[in-house]
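Counted the way the numbering used here counts, the sequence shown spans residues 819 to 905.
Ideal Cβ positions, reconstructed from N, Cα and C, are used throughout, including at glycine.
Below is one structure; the comments refer to it alone.
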Amino acid sequence: MVQRVRDFAEATRKNLGIGVTCDCGKRCVFPARNFSGFIAPGADIAALTWRCTWCRGAATARYVLLNIVDRESLAQWTPPAGMRRRH
Numbered sequence: 819m820v821q822r823v824r825d826f827a828e829a830t831r832k833n834l835g836i837g838v839t840c841d842c843g844k845r846c847v848f849p850a851r852n853f854s855g856f857i858a859p860g861a862d863i864a865a866l867t868w869r870c871t872w873c874r875g876a877a878t879a880r881y882v883l884l885n886i887v888d889r890e891s892l893a894q895w896t897p898p899a900g901m902r903r904r905h
């Protein structure tokens, strides 16, 4: 369990991951730094809309520790074609 994290910028500084879980049973863990430039530094990830890539249903996200997740379990996120970075 991760202690309270104020915002996305703090999560990237602490080298945390983002665990996304869907009701269909799928779960992925992404390094938070992979979303730098796409999620605003002051954003609360729980307030963002996350969609499951398998069932397209709504998913929930929370911060997780990366040091307890093995490298093979990490999902690689790539932005969709045409997606712009936020500045």
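> Are the CB atoms of F848 and G835 nearer to each other than 8 Å?
Replying inline: Residue 848 sits at position 30 when you count from the first residue of the sequence shown. Residue 835 sits at position 17 when you count from the first residue of the sequence shown. By the CB criterion at 8 Å, F848 and G835 fall inside the cutoff.
> For A877, does the three-state DSSP call read helix, strand or coil?
Replying inline: For the purposes of this step, residue 877 is taken as residue 59 along the sequence shown, with counting starting at 1. If DSSP states are grouped into helix, strand and coil, A877 belongs with the strands.
> Sorted by chain position, which residues of the same chain lie with C-beta nearer than 6 Å to A864's C-beta, five sequence neighbours on each side aside?
Replying inline: Position 46 of the sequence shown, counted from the start, is the residue given in the question as residue 864. So the list is empty, once near-sequence residues are dropped.
> DSSP on R851, reduced to helix/strand/coil?
Replying inline: Numbered from 1 along the sequence shown, position 33 holds the residue referred to as residue 851. Reduced to three states, the DSSP call for R851 is helix.
> From which residue to which residue does the beta strand (DSSP E) around T839 run?
Replying inline: The residue given as residue 839 occupies position 21 in the sequence shown. Start and end: 834-840.
>> For W868, which residues in the same chain have their Cβ closer than 6 Å to its Cβ, ignoring the five residues on either side in sequence?
In response: Translated into the one-based positions of the sequence shown, residue 868 becomes position 50. V838, A877, A879, listed in sequence order.
> How big is the Cα-Cα spacing for F856 and A850?
Replying inline: Here residue 856 corresponds to residue number 38 of the sequence shown, with the count starting at 1. Here residue 850 corresponds to residue number 32 of the sequence shown, with the count starting at 1. When rounded, the distance between both Cα atoms is 11 Å.
> What do you reckon, are the CB atoms on L884 and N833 nearer than 8 Å?
Replying inline: Numbered from its first residue, the sequence shown carries residue 884 at position 66. Numbered from its first residue, the sequence shown carries residue 833 at position 15. Their beta carbons are under 8 Å apart, which means L884 touches N833 by this criterion.
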